[in-house]
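Q: Heads up: the sequence shown is residues 22 to 584, going by the working numbering.
Beta carbons are placed, not taken as given, at the ideal position from N, Cα and C, and that holds for glycine.
All values derive from a computational prediction rather than experimental measurement.
Quick one: this structure, given as structure tokens, is what I'll be asking you about.
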Amino acid sequence: MQRTVSVSSHDDSASADRIKEGFEAMQYLHGAQYSSSQPRERAQLAEQLRADARTLETKLRHTQRRINQLSPIGSLAPETLGIVFSFFSELEQPRAFNQCTSGSLGWLRLMHVCNAWRNVCISTPQLWANSLGRLPRALPVFLKRAGEHTPLRFHLSDNWDTWIAGYSCTADCADYRPDMVNVTTELLLRSRRIVDLELHLPMSGVGTTIGETLREYDFGALTHLRLETAVVGGSRTLMRASLVSHMLRTADFGGSFIPIIAPSLTFLSLKNIFGGLDGNMLHDVIRASPCLEAIILIDLPRGVLKEKPERQAVSLHRLVYLRISLTATGEEINTFVRKLKTPRTVQMDVCWCFKPLNMADHEAVHSIFKATYLEREETALEIKKDSIELRTSFCRGRWQQLKLSITLGNNGSADILRDACLGPYLEKVVHLTVSSVFYAAVDEWAQIFALLPSVDTLELSVCRSSLRPLSLEHIFHALARCFVEDKSFPTLIPLPKLSTLTLNTTIDASTISIRNEILPCLSLRAFAEANSLRTICLEGFEAIPSLDRQLREVVGAVAWKDT
């Protein structure tokens with residue numbers, strides 16, 4: 022193998038020397054051309070120069086081809102190169118580019134590298150089939166090179182073709198806009214081969230037309246459907262006839278909705294749809310899709326979660342992720358969650374306008390916790406200004422997985438944790454994180470701590486940008502409530518298993534007095550025979566030797582991190 026490479030390198034060096042000599046000869050002849058006074062001689066010299074130039078160009082291409090063959094990528098089979106080329110993306114993405122969009126046109130630039138790569142691109146139908154519609158003005162060429170049997174992925178978006186080269190659409194580019202009629206015709210003629218259909222259309226009210234077209238023609242191979250149109254406001258037109266697609270696996274609708282019956286559907290996303298959708302249609306889609314793994318519902322019409330009460334619950338045994346962010350009542354959220362029979366490992370991300378005085382809202386929070394509760398699973402709770410997040414507990418070598426996120430829109434987290442009867446679901450929380458913008462009084466902190474008997478790690482965060490910063494004084498006063506006032510016998514110790522305390526602050530240490538608040542709290546807990554605090558980490562504090570000695574009398578390890 023070494024010998025072959027060595028000989029090839031020697032041949033390439035000899036070729037380079039011959040090319041250099043040829044160029045020197047051309048320069049000599051070029052000078053001789055002007056020194057000759059005879060027209061016939063000048064014509065002969067010019068013809069000879071052109072012939073030599075053609076010969077040198079041929080030799081240069083041959084040499085470049087051999088150099089490419091010696092490179093690692095040149096040793097790959099053409100079929101493998103075609104797969105590699107499919108991952109090349111544009112230097113500048115088109116305006117309508119979306120992260121969920123697959124494929125690109127970056128491989129087109131590789132066709133200009135050399136003839137070998139150009140031939141690889143031309144002879145790889147899948148490259149052209151995956152990019153149909155991305156360059157609408159060249160659609161006939163793409164269709165021809167995609168062949169007659171390759172599955173097609175069709176993408177269409179307004180003015181995408183004017184952004185492929187990295188420049189914006191101007192009046193001079195008007196002639197490059199795709200002919201929508203011709204594009205649609207070519208699409209329908211090949212409907213049986215289309216596996217991925219992605220339409221980004223600036224028009225509104227086209228969902229019904231597209232739905233009727235999909236039902237009229239044979240799109241039996243369609244597995245991925247993405248439709249984004251201008252948002253339709255106030256439309257009451259409902260399309261009752263459903264699109265039946267047994268192969269469809271993902272459906273992503275934005276602005277418009279098409280009723281579907283897809284037994285193999287695994288992903289359903291509905292966003293920014295304010296017309297043409299009601300509760301019965303949504304539930305019909307979900308009931309007809311027992312294989313769903315992810316459901317995303319964002320900004321949908323009011324009452325879209327409502328369903329006829331006589332309908333039974335629907336089983337979604339494969340559901341992994343559920344996100345709800347829309348205008349709904351606690352009763353609607355509660356009913357929707359309770360009617361879904363899902364695995365306890367499902368992740369729920371729910372956001373609605375919570376009303377603390379409404380019992381149905383508290384019941385909704387209870388239902389969400391119950392739906393994700395595993396009896397023997399340790400968890401980590403994070404309390405923020407307007408949300409509560411529950412994750413699996415930290416384990417070395419494993420990521421913390423989100424179990425649930427509830428965005429409430431108010432600061433009543435203490436009341437929610439208590440009034441929603443979440444005690445049984447909080448007993449396994451071992452890590453508690455409190456963000457900088459969450460505020461609660463001493464009594465409220467005492468109530469929160471009473472619900473978390475298994476917490477061994479408490480992490481407190483204070484941020485400079487907080488308009489209403491975390492009241493660390495209230496937290497440590499609540500932690501120090503180890504005795505009932507005016508009585509000598511002890512009461513239930515707050516966070517009795519607490520062993521690690523982390524205080525992270527990005528502002529000056531005057532927000533909390535270590536000497537006057539933290540030290541007395543820890544000393545009182547030690548006197549009450551609470552679990553010994555093994556570690557305290559003070560991030561953002563400058564180490565003070567006298568305080569360090571005092572802390573080490575009640576804490577096993579003290580870490581100062583002045584950031």
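(1) On a Cα-Cα basis, can you pick out the residue from 108, 175, 174 and 169 that is closest to residue 142?
(2) Taking 8 Å as the cut-off, does the stretch 470-485 touch the stretch 439-458 (at least 3 CB pairs, one atom from each stretch)?
(3) Starting from residue 245, follow its DSSP beta bridges and name the residues at the other end.
(4) Please name the residue or residues paired with residue 70 in a DSSP beta bridge.
(5) Pull the bridge partners of residue 479 from the DSSP assignment, please.
(6) Once you ignore the five residues that flank residue 241 on each side, which residues in its own chain have a CB closer than 8 Å to its CB?
(7) In chain order, what residues of the same chain have a beta carbon less than 8 Å from the beta carbon of residue 314, not counting five sequence neighbours either side?
(8) Which partner residues does residue 342 have in the DSSP bridge list?
(9) Round the Cβ separation of residue 386 and residue 462 to the nearest angstrom and send it over; I've been treating them as touching at under 8 Å.
(10) Identify whether residue 282 lies in helix, strand or coil by the three-state DSSP scheme.
(11) Pull up the DSSP beta-bridge partners for residue 75, would you.
(12) Under the three-state reduction of DSSP, which class applies to residue 545: helix, strand or coil?
(13) Should residue 378 go down as buried or exposed, given a rule of 16 or more other Cβ atoms within 10 Å for buried?
(14) Three-state secondary structure (DSSP) at residue 577?
(15) What did DSSP end up calling residue 567 once you bin it into helix, strand or coil?
(16) Who are residue 562's beta bridge partners in DSSP?
(17) Assess contact between the stretch 347-364 and the stretch 399-406, defined as three or more Cβ pairs (one per stretch) separated by less than 8 Å. Is contact present?
(18) Compare the Cα-Cα distances from residue 271 to each of 307, 67, 136 and 327 and report the closest residue.
(19) When you compare the CB positions of residue 551 and residue 514, do they come within less than 8 Å of one another, or not?
(20) Quick check: the Cα distance between residue 318 and residue 366, rounded to an integer number of angstroms?
(21) Between which two residues does the beta strand (DSSP E) holding residue 352 run?
(22) With distance defined between alpha-carbon atoms, name the residue in 336, 561 and 250 nearest to residue 296.
(23) Which residues does DSSP list as the beta-bridge partners of residue 591?
(24) Classify residue 134: buried if its beta carbon has 16 or more other beta carbons within 10 angstroms, exposed otherwise.
(25) Measuring CA to CA, which of 176, 298, 211 and 264 is closest to residue 222?
(26) Please report the straight-line C-alpha distance between residue 59 and residue 67, rounded to a whole angstrom.
(27) Quick one: Cα of residue 428 to Cα of residue 374, how far?
(28) With a Cβ-Cβ cutoff of 8 Å, do residue 568 and residue 536 count as a contact?
(29) Looking at residue 280: is its Cβ nearer than 8 Å to the Cβ of residue 291?
(30) Going by Cα to Cα distance, which pick from 65, 456 and 469 is closest to residue 443?
(31) Taking just the CA atoms, how far does residue 422 sit from residue 152?
(32) Cα separation between residue 234 and residue 85?
(33) When burial is assigned at 16 or more other CB atoms within 10 Å of the CB, is residue 189 buried or exposed?
(34) Comparing C-alpha positions only, which one of 498, 503 and 555 sits nearest to residue 522?
(35) Please report how far the alpha carbon of residue 330 lies from the alpha carbon of residue 383, in whole angstroms.
(36) Might you give, ordered along the chain, the residues of its own chain that have their beta carbon closer than 6 Å to the beta carbon of residue 446, omitting 5 neighbours on each side?
A: Taking the definition as stated:
(1) 108
(2) yes
(3) 217 and 271
(4) Answer is none; residue 70 lacks a bridge partner.
(5) 453 and 522
(6) 213, 266, 267 and 268
(7) 287, 288, 339, 340, 341 and 342
(8) 315 and 368
(9) Wrong, their Cβ atoms sit about 21 Å apart, outside the cutoff.
(10) strand
(11) Looking at the DSSP assignment, residue 75 forms no beta bridge with any residue, so it has no partner.
(12) helix
(13) exposed
(14) strand
(15) helix
(16) The partner list for residue 562 (beta bridge, DSSP) is empty, contrary to what the question assumes.
(17) no
(18) 307
(19) yes
(20) 19 Å
(21) No beta strand (DSSP E) contains residue 352, which is instead part of the alpha helix (DSSP H) from 351-359.
(22) 250
(23) There is simply no residue 591 to check, as the chain begins at 22 and stops at 584 in what is shown.
(24) exposed
(25) 176
(26) 12 Å
(27) 8 Å
(28) yes
(29) no
(30) 469
(31) 36 Å
(32) 51 Å
(33) Low local confidence applies: a pLDDT of 37 at residue 189 is under 50, so the model's placement there is unreliable, with the coordinate-based value given in what follows. The residue in question, residue 189, is exposed, as its Cβ has fewer than 16 Cβ neighbours within 10 Å.
(34) 555
(35) 20 Å
(36) 390 and 394
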